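Here the protein sequences come in this chain order: D and F. Mapping to the numbering used here: the first sequence position 291 is 291, numbers consecutive. Mapping to the numbering used here: the second sequence position 120 is 1120, numbers consecutive. The beta carbon of each residue, even a glycine, is placed where N, CA and C say it ideally should be. All values reported here derive from a predicted model rather than from experimental measurement.
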Amino acid sequence: MSESLDIADARGRLAELRHEIGKRIIGHDDLVEGILACLLASGHVLIEGVPGLGKTLLVKTLSAVLDLEFSRIQFTPDLMPADIIGTQMVAQDDDGNRVFKFQQGPVFTQLLLADEINRATPKTQSALLEAMEEHRVTVGRTGHVLEEPFMVLATQNPIEMEGTYPLPEAQLDRFLLKLIAKYPSAAELSKIIDLTTGEREATVQPVMTCDELNALRALTRQVVIAGHVKDFAVQIVLATHADNEAATPLSKRFVRHGASPRGIQSMILIAKAYALFEGRLNISFDDLKSAAVPALRHRVLLNFEGEAEGIDVEAVIDEILRETPVGDG
Amino acid sequence: MTFDRAWSITALDERRAPERLANIIAHLTQQKWRRSFIEYGWVGLFWGLAISAVSVLALKIYVPHLSSSMCAVLMTSGALAVAIAKAWLARPDELQVAIQADVALKLKQRLSTAWEFSQTDSESELSHRLAVQAVSQRYPPPSQAVFAVRLNTWARLIPLAALALVLVNVLDLQQLPGSTAPIVDDAVVSEGVRLREFARQMQVRALRDALPRSQTESENMRRLGSRMESGSLSRQEAVSRLQELGQSLAHQRRAALSDGGSKTGIAESFSPIGNGENDASQLKELLEQLLQGKLTAGEIAALSPESESLSRLGISIQDLSSALESYAAGHPLDVQQIVDDLERQELAIDDAGELGRAIRQIDQVRENLGDVMVSADQLMQRGDGTQDDSDVRALGGPMGRAAGDADSGPMNQAGFGSGSVETPRKRPRTLDPNSERNDIVLKPQSNFREGSGFTTETRVLPKAGKTTVENVELDVRFDAQMEEVLSKDDYPLHQKEFIRRYFLSLSQGVSSDVQASEEQ
């Protein structure tokens, strides 16, 4: 257990962080919680939602309260990989010789907002793969390590919209979570109006240092999971596979590919972060249930029949959560 | 320590957290086990009652004489015992208990996680912190709410099973339409009443006189009488059971006679007409007085003539003389031995007499129920050497006679047994066509040469066309031959009339006709 940060302290610090974010972000509690959980779990998050819901503002606010470096890439169809990771440029050294010098791209940051990521071509999207997985970038024969914490927050428009390219499965799997930005309620809209159209703009202050964040990320890894809770997680993931005996009727009929092992890793890590939010040292069934949908929804791929009938992946996962027995009692 | 106290832990108690965690789990495990006992008990009670209801119904149909209440008690107790044994074997797993408590109390798996880690690595700091986290929670629901006793489906079905059992118990199958229960035979019932009453009186006498064989057999008779009285036996079944009981009685009677006569040979030595009927009792009384020291030396000397009587009881004069001499020498053991032998013989003879009366009662009941085998059985018993009361009289002299005389006692006076007197000519004779002993049937043994034999047969056909009672009357009439002879030969008229009257008198019916004509 960390000497500098106890579990009770962590809960208080996280609550303080959420409170500060809430000064600028109205609503989106699930979204904020998911992003923070992903941050604690050292993952990347994919946020889907129509434009104008405050996704970019949320990421900006997060960087502000965490006092992290922030950069944003607006993905467009003509965006090239070098525009993301950087490129070799010819420069003149002190001796007057011309040499290639690496010019870092916007990926060299701590919080990277990849806005409308599905508007770029798959080739450009793939430029983020190594950075997301290895936290490093290789240009030529030289590798460049990214500064920790490094987190990619990608937003995408619903794929039904024009000018979008679906993300390849390999890249989707790199995202720890896929969160859905929902429309705010009437009360939240009213608050948003008051907050954003007045004379004064809401400001936030950094409430957590980078070291504190890294300590929290380490503490997250120390949250334990009991055997029967782990079995529950395993059963959930196995149930997403149509050919597994644990599969539910919906998954048997409509699922083409179930969740990968990375899916259960994501679910457990997010559940640990959720447990930390409540100041718990252990994962509960409820943590897993809360983590299951955002961690698995982009990893469970429907077959043609499922797509044709408009089956929602979340409905499949909800059925799995209902059918999977909790303990033996 | 109560459960609720165990949950209340302050920061100062953190060192005791693992201990308190163990207490909580142990307490919850006990609660769950207790609930398992109750729930298994309900299952057992339901199935016990249900099986009892079915068993009682089956008993009433197929084995009506067995006690249905005992069957119900046994079935229910057995099912309960099995259920409790299963509950005992199904001791709940502590981790499962913790998991269930977590779910019931919404503990977010704190308890189960802490318990699991405490079992794998109880010394680690993490395990300790998990224990602190688990026991530091305050839970509003009381401990009983976790594994509260609840009414499950089986418990709700118990009243139905109990109702079914009660209904089956009070159900009278004989009143059901199309019931397969045997039809009550009034004759069997009435004979059952008589048999039970006889058995009761026999039991009283047997208890009073301490007759072991009679006690046992009277109880068997009483049970059979009760069953017959209850109407649960058909006539055929009753006769069958009576036959079995009669055989048992005969066997016991032979055994009693054997006990009474084996040592001293009384049966062989004592004459059935013996002059000294009171020899044995008088001798026994004298010997007892002798043992009690109430006799003088002269009276002891006067015992010598009694040795003659004693010899008829199968005790040798030499033995008696030797015993008396030993007594005179101050050793009363031999005399005591003789007294004991006499008492044992007396008891056995009384027992045999009582059993003999029971046998006759059984035979009478069988006969009243139309059993055609009674006479054959009696003959077989005679063939076996068990000659009714004459055996007892022969054995015991005065004692046996007393036992035999008791046949004409209150039972017969009350109408039990064969109290009616019939002439040999009119007495119904029972026949068994299949028996090899048909020679007992009355048949004309002489050759009439002339004259007509008239046989009147009365047959009673109670069931299935089988003859069970046959009454044969034989009447020989010579009137036709007489008239023929008188018409051929020359006889004086007054002689003819004398001859005619003589032959007509041979036939009672004819003679009465003649008398009637004369009166006219």
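query: 8 angstroms contact criterion, which residue 320/D and residue 260/D should meet: CB distance rounded; result: Between residue 260/D and residue 320/D the Cβ distance is about 16 angstroms, and since that is not below 8 angstroms, they are no contact.
query: is_contact[residue 3/D, chain F] using C-beta, thresh 9 angstroms; result: Because the pLDDT of residue 3/D is 41, which lies under 50, any placement of that residue in the model is unreliable, and the question is left without a value.
query: Check: residue 310/D C-beta below 8 angstroms from any heavy atom of the ligand GDP; result: As for the ligand GDP, it is missing from this structure, which has no ligand bound.
query: Residue-level contact to chain D via CB, residue 1026/F, 9 angstroms cutoff; result: no
query: Three-state secondary structure assigned by DSSP to residue 325/D; result: coil
query: Residue 1321/F to residue 1216/F span [Cα, whole Å]; result: 39 angstroms
query: Residue 255/D versus 171/D, 94/D, 306/D, 164/D, residue with shortest Cα-Cα distance; result: 306/D
query: Whole-number beta carbon distance between residue 273/D and residue 288/D, since they are thought to touch under 8 angstroms; result: That belief does not hold up - the Cβ atoms of residue 288/D and residue 273/D are roughly 12 angstroms apart, past 8 angstroms.
query: Limits of the unbroken beta strand (DSSP E) element including residue 257/D; result: 255 to 257
query: Buried versus exposed, by CB contacts within 10 Å (16 or more), residue 101/D; result: exposed
query: C-alpha distance - residue 1001/F paired with residue 220/D, whole-angstrom precision; result: Summary for residue 1001/F: the model assigns pLDDT 34, below 50, so the residue's position carries little reliability; its value from the coordinates is reported in the next sentence. Taking the straight line joining both Cα atoms gives about 36 angstroms.
query: C-alpha gap between residue 78/D and residue 46/D, whole angstroms; result: 21 angstroms
query: Under 9 angstroms between C-beta atoms of residue 165/D and residue 119/D; result: yes
query: For residue 42/D, three-class secondary structure by DSSP; result: coil
query: First and last residue of the uninterrupted beta strand (DSSP E) at residue 144/D; result: 142 to 145
query: Under 8 angstroms by beta carbon: chain F residues contacting residue 282/D; result: 1108, 1109, 1110, 1113, 1114, 1130, 1133
query: Touch test, the stretch 59 to 69 of chain D against the stretch 201 to 212 of chain D, Cβ-Cβ under 8 angstroms, three pairs minimum; result: yes
query: Closer than 9 angstroms at the beta carbon, the chain D residues around residue 1126/F; result: 1, 222, 224, 281
query: C-beta neighbour in chain A for residue 1037/F, strict 9 angstroms; result: Absent from the structure is chain A; the protein chains it does hold are D and F.
query: For residue 1330/F, the nearest candidate out of 1352/F, 1292/F, 1356/F, 1048/F (CA to CA); result: 1292/F
query: Continuous beta strand (DSSP E) assignments of at least 3 residues falling wholly in the stretch 42 to 76 of chain D; result: 45 to 48, 70 to 74
query: Delimiting residues of the beta strand (DSSP E) encompassing residue 180/D; result: 177 to 180
query: Bridge partner(s) assigned by DSSP for residue 1168/F; result: Beta-bridge pairing links residue 1168/F to no other residue.
query: 6 angstroms CB neighbourhood of residue 48/D in its chain, flanking five on each side removed; result: 156, 180
query: Nonlocal neighbours in the same chain, by C-beta distance under 8 angstroms from residue 88/D, ignoring five residues either side; result: 100, 101, 102, 103, 139, 140
query: Residue 1113/F to residue 1095/F span [Cα, whole Å]; result: 9 angstroms
query: Bridge partner(s) assigned by DSSP for residue 155/D; result: 47/D
query: N- and C-terminal bounds of the beta strand (DSSP E) containing residue 211/D; result: Per DSSP, residue 211/D belongs to no beta strand (DSSP E); it is in the alpha helix (DSSP H), 210 to 222.
query: Against chain D: residues of the stretch 1090 to 1109 of chain F by CB proximity under 7 angstroms; result: 1096, 1099, 1100, 1103, 1108, 1109
query: Cross-strand partners of residue 89/D (DSSP beta bridge); result: 101/D
query: With 16 other Cβ atoms within 10 Å as the buried cut-off, status of residue 313/D; result: buried
query: Beta bridge counterpart(s) of residue 111/D as assigned by DSSP; result: 70/D, 151/D
query: Segment contact flag, the stretch 260 to 269 of chain D with the stretch 226 to 235 of chain D, C-beta cutoff 8 angstroms, min 3 pairs; result: yes
query: Residues that residue 286/D contacts on chain F, provided the C-beta gap is smaller than 7 angstroms; result: 1108
query: Where residue 207/D sits in the DSSP three-state scheme; result: coil
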